[in-house]
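Participant:
In the UniProt record's numbering, the protein residues as written are 1 to 209.
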């Protein structure tokens, strides 16, 4: 599990393709490798990946393998050598509770995202997005400032501190991003759908059609 608090920015230093996917080498990553082991999970731009090899020397670097499906469903298939990526270790002993940073609106950056039309394999994420709720974009947990169901858009705001710590503020207009919604929202939706299918009304009473 991950917190959505980006720990470090790494750099893609090598990409090796094979029939099933590709191996990414992420350099400049020493700060998150202190307690690393082969088989550990590291979120790269929000995608949970398994470390297959690492070296703490010379600034640090680690390797992860991505299946073709992962490349298709995330923005990692579009990364190039030299690109920076957001990095976070899976939750463990290194995780320390942190407060929330606030900044005047003059130092903020407002971003608007367009969701694609839903398909059977990729249903709509809109039911799980609400203003003041949370969404993870490229692995960064952010607060939603607006949601427009008609236009299929949602907005977030980045304070100056966050802009300097993640890659999102550097992406061009029209660039793809990885989006993950709140797991609690998914759980509630699934529970409600199951209850409705079973015939339970809002008072917890069973009924028959």
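Glycine included, every Cβ here is placed at the ideal spot set by N, Cα and C.
State buried or exposed for residue 154, treating a residue as buried only when at least 16 other CB atoms are found within 10 Å of its CB.
Facilitator: Here residue 154 refers to the residue found at position 154 of the chain shown. Counting Cβ neighbours within 10 Å, residue 154 comes out buried, since at least 16 surround it.
Participant: Would you check if the segment 130-145 and the segment 167-184 touch, i.e. whether three or more CB-CB distances between them fall below 8 Å?
Facilitator: yes
Participant: Whole angstroms are fine: how far does the CA of residue 188 sit from the CA of residue 194?
Facilitator: For the purposes of this step, residue 194 is identified with residue 194 of the chain shown, where counting begins at 1. For the purposes of this step, residue 188 is identified with residue 188 of the chain shown, where counting begins at 1. Computed Cα separation, rounded: 10 Å.
Participant: Which first and last residues belong to the beta strand (DSSP E) in which residue 89 is found?
Facilitator: As a first step, residue 89 must be located in the chain shown, where it is residue number 89. Residues 84-89.
Participant: If you draw a straight line from the alpha carbon of residue 159 to that of residue 80, how long is it in whole angstroms?
Facilitator: If you number the chain shown from 1, residue 159 lands on position 159. If you number the chain shown from 1, residue 80 lands on position 80. Looking at the two C-alpha atoms, the distance is approximately 27 Å.
Participant: Taking just the CA atoms, how far does residue 39 sit from residue 33?
Facilitator: Position 33 of the chain shown, counting from 1, holds the residue named residue 33. Position 39 of the chain shown, counting from 1, holds the residue named residue 39. The alpha-carbon atoms of residue 33 and residue 39 are separated by roughly 12 Å.
Participant: Give the secondary structure of residue 193 by DSSP, where H, G and I count as helix, E and B as strand, and everything else as coil.
Facilitator: Start at 1 with the first residue of the chain shown, and residue 193 comes out as number 193. Helix.
Participant: Could you tell me which of 51, 65, 27 and 184 sits nearest to residue 58, measuring between CA atoms?
Facilitator: On the chain shown, position 58 is the one that residue 58 refers to. It is 27 whose Cα lies nearest to the Cα of residue 58.
Participant: Do residue 36 and residue 12 have their CB atoms nearer than 8 Å?
Facilitator: The count along the chain shown starts at 1 and reaches residue 36 at position 36. The count along the chain shown starts at 1 and reaches residue 12 at position 12. It is not a contact, given that the beta carbons lie outside the stated cut-off.
Participant: So, using beta-carbon positions, are residue 44 and residue 87 closer together than 8 Å?
Facilitator: Numbered from 1 along the chain shown, position 44 holds the residue referred to as residue 44. Numbered from 1 along the chain shown, position 87 holds the residue referred to as residue 87. Yes.
Participant: With residue 22 and residue 49 assumed to form a contact (beta carbons below 8 Å), what rounded beta-carbon distance in angstroms separates them?
Facilitator: Within the chain shown, residue 22 is the residue found at index 22, counting from 1. Within the chain shown, residue 49 is the residue found at index 49, counting from 1. Wrong, their Cβ atoms sit about 11 Å apart, outside the cutoff.
Participant: Using the Cα positions of residue 190 and residue 184, report the straight-line distance between them to the nearest angstrom.
Facilitator: Taking the first residue of the chain shown as 1, we reach residue 190 at position 190. Taking the first residue of the chain shown as 1, we reach residue 184 at position 184. Taking the straight line from one Cα to the other gives about 10 Å.
Participant: Does the distance from the CB of residue 56 to the CB of residue 30 come in under 8 Å?
Facilitator: Sequence index remark: in the chain shown, residue 56 carries index 56 (1-based). Sequence index remark: in the chain shown, residue 30 carries index 30 (1-based). Against a cut-off of 8 Å, the Cβ pair of residue 30 and residue 56 comes out as a contact.
Participant: With residue 72 as the anchor, note down where its beta strand (DSSP E) starts and where it stops.
Facilitator: Translated into positions along the chain shown, residue 72 becomes position 72. Where residue 72 is concerned, there is no enclosing beta strand (DSSP E), although the alpha helix (DSSP H) it sits in stretches over 68-73.
Participant: What residue ranges within the UniProt domain "Lumazine-binding" (101-192) form continuous alpha helix (DSSP H) runs of no fewer than 4 residues, ordered along the chain?
Facilitator: Correct list: 160-165.
Participant: Along the chain, where does the beta strand (DSSP E) containing residue 49 start, and where does it finish?
Facilitator: By 1-based counting over the chain shown, the position of residue 49 is 49. Residue 49 -> beta strand (DSSP E) spans 47-55.
Participant: Would you please state the rounded distance, in angstroms, between the beta carbons of residue 9 and residue 119? I believe it to be under 8 Å.
Facilitator: Taking the first residue of the chain shown as position 1, residue 9 is located at position 9. Taking the first residue of the chain shown as position 1, residue 119 is located at position 119. Contact flag wrong, Cβ pair sits at about 33 Å.
Participant: To the nearest whole angstrom, what separates the beta carbons of residue 141 and residue 90, a pair I think is in contact under 8 Å?
Facilitator: The count along the chain shown starts at 1 and reaches residue 141 at position 141. The count along the chain shown starts at 1 and reaches residue 90 at position 90. Actually they do not touch by this definition, with Cβ atoms about 15 Å apart.
Participant: Only counting the same chain, and skipping five residues up and downstream in sequence, which positions put a Cβ closer than 6 Å to that of residue 74?
Facilitator: Position 74 of the chain shown, counting from 1, holds the residue named residue 74. So the qualifying residues of the chain are 47 and 178.
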